[in-house]
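Going down the list, the sequences are from chains R and H. For the first sequence, my numbering begins at 1 and goes up steadily by one. For the second sequence, my numbering begins at 1 and goes up steadily by one.
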Amino acid sequence: MLKYSLRRILGMIPMLFLISIVVFTLAKLMPGDSLSGEIDPTNTNPQYIAEMREKLGYNDPLPQQYLRWIGNFVQGDFGKSTRFKLEVSAVVGERLPNTLLLGLTSIVFTYILAFIMGSYAGRKPYTFGDNLIGGLNYLGLSIPSFIAGVFAIFLFSFTLGWFPSNGSVGIGLTDGTFEYWLSRLHHVLLPALVLGLLSTASYTQFLRNDIIENSRKDFVRTARAKGTPERKIYNVHILRNSIIPLITFLGFDLVAIISGAIITETIFTYPGLGQLFLQSVGTRDYPVLMTLTMLFSFLTLVGNLVADILYGVVDPRIRLD
Amino acid sequence: MEVTTQKNSNVTTHPSRKSSSPWTIARKKFLKNKLALTSLIFLLFVAIISILAPYITTADVTKVNIGQMSLTPSGDHWLGTDKSGRDVFTRLLYGGRISLLVGISCTLFVIFLGTLIGSIAGYFGGTVDGLLMRFTDFILNFPFLVFVIVLNAILFGKVNGLWVLIMTISVLSWGGIARIVRSKVLAEKENEYITAAISIGCSPAKVIIKHLLPNILSTIIVQATITFATMIVAETGLSFLGFGVPQEIPSWGNMLNSAVEPDVLQFKLWIWVPPALIITITILSINFIGEGLKDAFNPKSRR
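Okay, here's the thing in structure tokens:
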């Protein structure tokens, strides 16, 4: 297991190398200086641009430029944002906690909701409650997240007024106080629910089907024959077997949260990495754009890796070699 | 969808009446599935009225009419007008043309690429398989949304917007299909009829096209349906974010884009609810059709 994990992690390196080449090529295809952000895009004086290009080494051969860029990148020097006039790492670092909070809340809610709905539907299959949950699930799987987001804002923010419709924290609150964190939680709740909609639906469906399948197995019959109370059979014997496979979805969640965050954060104008990404496309802030592209690709790679490794952990029958 | 039904009717005209062919069984099962059938009829209805849009409404889709901004639904404008004074119903029809066109084109490209690469990798095996599958893994490891947006940002303005979108979406989405097709081909090519075909001197291309693909066609059709739904979500989602179909072309996603403004979202329901509903119902019905097809092609299911 350890050997396999190590091999997979090492196998990530060539993949990362290839992705970095793609990102570098894309950056080169973009107009202007999209890597270091040292050239001011608003200054169109050709002499200035030529001077800066020479100074920054843009007339060097491409492989040399690539090596310099990736060298800086590995050392944590991502260049300068042309829009904020700040180091990219500072701009990204400022938004990162917001996205982390959003992602974590979304996963927590996904687990809680899916656990409740899935175990109920699995315990009482083909009843009214199960059909209702099944119907909701189908809707959750079919409705695109941006439409769900728009409806959620309309219903919960505007009509009912339960949640704020934008931002990450209320105005005039000092950092670190209890009210501050409460307000942040209040702001993150609705986006997190929308972000977790798809995975909640698939978790619930999976849990329900797995519980139904397990409840027909021999160990359940044995437990019943021994006289184990029905509640204990479901809560201990079956649930223990059905919950473990869910862990494998965690890796895919990571991947889903990245794309999901771009859409959800834009709808809720939530100041996280996804919103920053779209803004950087809109304002042609290429250094930020390229850094985020690298970051998202890296996280996707990690997510897929985690999913693969967890498969092996959960189901020893899957041969890893 | 239409292709399948035609193929089915060809099969039924066969003189042998002893036992029905797998296609006939599948068609009968599908026709019994009321939910899938209703969905199919709905989808065809949406497609037909979108295609016939110029004959159904006479209003100009692109014309901005300052005098008729944000009108509520009335006899003149069945679904009201948007903030630029354009008729929402007309835009819904024309938007359907674009959204369905993008969805279908992407699906065709994705299925073509995925089937090509998956079947070659599965059939030849060995080094070819290794290389092609590493490449597929590489494509699958890209965060889809991120790269479509970046590619669109680079290519925007250089080539016609609609085809840039279709190409970028397709190039980044075929990985899943390739994996499924490959695994199906791997299982199927162990059969004797494939060995027989090879032994009588069929070229690899002929074995794949004439013998392998027809036998995995049901899987491909089901995957195509699911892909179609995914592609419509991708197009409308990207357009909603402002990185999909160019703004001047009406599409369901572009129409929904106006819901970003709190004023429209809160008070002008007729502008954003119709596209939101039609997208959701279209995707739901495509999914129902997909489930129906999966069920119909599954010999184990009895319905």
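Don't be surprised by glycine CBs; every beta carbon is placed ideally from N, CA and C.
Below 8 angstroms between beta carbons: does that hold for residue i and residue j?
| i | j | result |
| --- | --- | --- |
| Gly80(H) | Ile232(H) | no |
| Gly129(R) | Tyr120(R) | yes |
| Ser258(H) | Gly95(H) | no |
| Thr269(R) | Leu189(R) | no |
| Phe206(R) | Leu246(R) | yes |
| Arg240(R) | Gly118(R) | no |
| Leu92(H) | Ile281(H) | no |
| Pro143(H) | Phe296(R) | yes |
| Phe288(H) | Ala36(H) | yes |
| Asn254(H) | Val264(H) | no |
| Gly237(H) | Phe146(R) | yes |
| Gly299(R) | Leu250(R) | Correcting the residue identity first, residue 299(R) is Leu in this sequence and not Gly. Taking 8 angstroms as the Cβ cut-off, Leu299(R) and Leu250(R) do not qualify as a contacting pair. |
| Gln275(R) | Thr283(R) | no |
| Arg184(R) | Ser168(R) | yes |
| Ile283(H) | Ser259(R) | no |
| Met15(R) | Leu292(R) | no |
| Lys29(H) | Ala296(H) | yes |
| Asp253(R) | Ile107(R) | yes |
| Ala223(R) | His237(R) | yes |
| Ile249(H) | Ile41(H) | no |
| Leu165(H) | Ile262(R) | no |
| Leu102(R) | Ala27(R) | no |
| Gly196(R) | Thr110(R) | yes |
| Tyr58(R) | Gln64(R) | no |
| Gly242(H) | Asn33(H) | no |
| Ile106(H) | Ser50(H) | Checking the displayed sequence, the identity of residue 106(H) turns out to be Cys instead of Ile. Result no, Cβ atoms of Cys106(H) and Ser50(H) do not sit closer than 8 angstroms. |
| Asp271(R) | Arg8(R) | This sequence places Pro at residue 271(R); Asp is not what is there. For Pro271(R) and Arg8(R), no; Cβs fall outside 8 angstroms. |
| Phe158(R) | Gln247(H) | no |
When you compare only the Cα positions, how much space is there between residue i and residue j?
| i | j | result |
| --- | --- | --- |
| Ile21(R) | Thr99(R) | 27 angstroms |
| Met1(R) | Asp315(R) | 12 angstroms |
| Asp280(R) | Asn152(H) | Checking the displayed sequence, the identity of residue 280(R) turns out to be Ser instead of Asp. Distance between the alpha carbons of Ser280(R) and Asn152(H) is about 14 angstroms. |
| Val255(R) | Tyr234(R) | 32 angstroms |
| Lys3(R) | Leu10(R) | 11 angstroms |
| Pro204(H) | Phe109(H) | 22 angstroms |
| Ala47(H) | Pro275(H) | 15 angstroms |
| Ile286(H) | Leu43(H) | 8 angstroms |
| Gly122(R) | Ile212(R) | 5 angstroms |
| Gly122(H) | Gly114(H) | 12 angstroms |
| Lys206(H) | Leu212(H) | 9 angstroms |
| Glu83(H) | Thr72(H) | One detail in the question is off: residue 83(H) reads as Lys in this sequence, not Glu. If you take the alpha carbons of Lys83(H) and Thr72(H), they lie about 11 angstroms apart. |
| Phe219(R) | Ala148(R) | 41 angstroms |
| His186(R) | Val273(H) | 26 angstroms |
| Gly176(H) | Ile112(R) | 30 angstroms |
| Ala307(R) | Met12(R) | 14 angstroms |
| Lys189(H) | Pro299(H) | 20 angstroms |
| Val185(H) | Gly290(H) | 21 angstroms |
| Lys85(R) | Tyr48(R) | 18 angstroms |
| Val194(R) | Trp162(R) | 15 angstroms |
| Pro22(H) | Met133(H) | 31 angstroms |
| Pro54(H) | Thr168(H) | 29 angstroms |
| Ser19(H) | Thr127(H) | 43 angstroms |
| Glu192(H) | Ala26(H) | 25 angstroms |
| Ser39(H) | Lys124(R) | 29 angstroms |
| Phe17(R) | Pro61(R) | 19 angstroms |
| Thr12(H) | Ile104(H) | Note that Thr12(H) scores 48 on pLDDT, short of 50, meaning its location in the model is unreliable; the coordinates nonetheless yield the value given after this. So the alpha carbons of these two residues sit roughly 27 angstroms apart. |
| Pro214(H) | Ser119(H) | 12 angstroms |
| Gly130(H) | Leu116(H) | 15 angstroms |
| Val3(H) | Phe147(H) | The predicted position of Val3(H) is uncertain, since its pLDDT is 45 and thus under 50; no value can be drawn from it. |
| Pro46(R) | Met52(R) | 10 angstroms |
| Phe156(R) | Val150(R) | 10 angstroms |
Query raised in the report: Is it a yes or a no for the stretch 173-182 of chain H touching the stretch 214-232 of chain H, going by three-plus beta-carbon pairs under 8 angstroms?
Result: Enough Cβ pairs lie closer than 8 angstroms, so yes.
Query raised in the report: Whole alpha helix (DSSP H) runs in the stretch 49-131 of chain R with 4 or more residues, listed along the chain?
Result: 62-74, 88-123
Query raised in the report: Pairing CB atoms from the stretch 191-201 of chain R with CB atoms from the stretch 132-150 of chain R, are three or more of them under 8 angstroms?
Result: With the cut-off at 8 angstroms, the stretch 191-201 of chain R and the stretch 132-150 of chain R touch.
Requested in this report: Name, going along the chain, the residues of the stretch 235-253 of chain H whose beta-carbon falls closer than 9 angstroms to a beta-carbon of chain R.
Outcome: Thr236, Gly237, Phe240, Leu241, Gly242, Phe243, Gly253
Query raised in the report: So, do the stretch 75-92 of chain R and the stretch 282-298 of chain R have three or more beta carbon pairs nearer to each other than 8 angstroms?
Result: In short, these stretches touch, since the Cβ pair count reaches three.
Query raised in the report: Where are the alpha helix (DSSP H) runs, 4 residues long or more, that stay fully inside the stretch 150-204 of chain H, in chain order?
Result: 161-171, 175-188, 192-199
Requested in this report: Quick one: which residues of the stretch 272-303 of chain H get their C-beta closer than 8 angstroms to a C-beta of chain R? List them in chain order.
Outcome: Trp272, Ala276, Ile279, Thr280, Ile283, Leu284, Asn287
Query raised in the report: If you measure beta-carbon to beta-carbon, which residues of the stretch 137-148 of chain H are closer than 7 angstroms to chain R?
Result: Phe138, Asn141, Phe142, Pro143, Phe144, Leu145, Val146
Query raised in the report: With contact counted as at least three CB pairs below 8 angstroms, one residue from each stretch, are the stretch 195-202 of chain H and the stretch 132-139 of chain H in contact?
Result: no
Query raised in the report: Fully enclosed by the stretch 218-294 of chain H, which beta strand (DSSP E) runs are 3 residues long or longer?
Result: none
Requested in this report: Give the residues from the stretch 251-270 of chain R that approach chain H closer than 8 angstroms (Cβ to any Cβ), ordered along the chain.
Outcome: Val255, Ile258, Ser259, Ile262, Ile263, Thr266, Ile267
Requested in this report: Can you give me, in chain order, the residues of the stretch 185-212 of chain R that have a beta carbon less than 7 angstroms from any beta carbon in chain H?
Outcome: Answer set for the stretch 185-212 of chain R: empty.
Requested in this report: Ignoring anything shorter than 4 residues or poking outside the stretch 231-287 of chain R, list the alpha helix (DSSP H) runs there in chain order.
Outcome: 239-243, 249-267, 273-282
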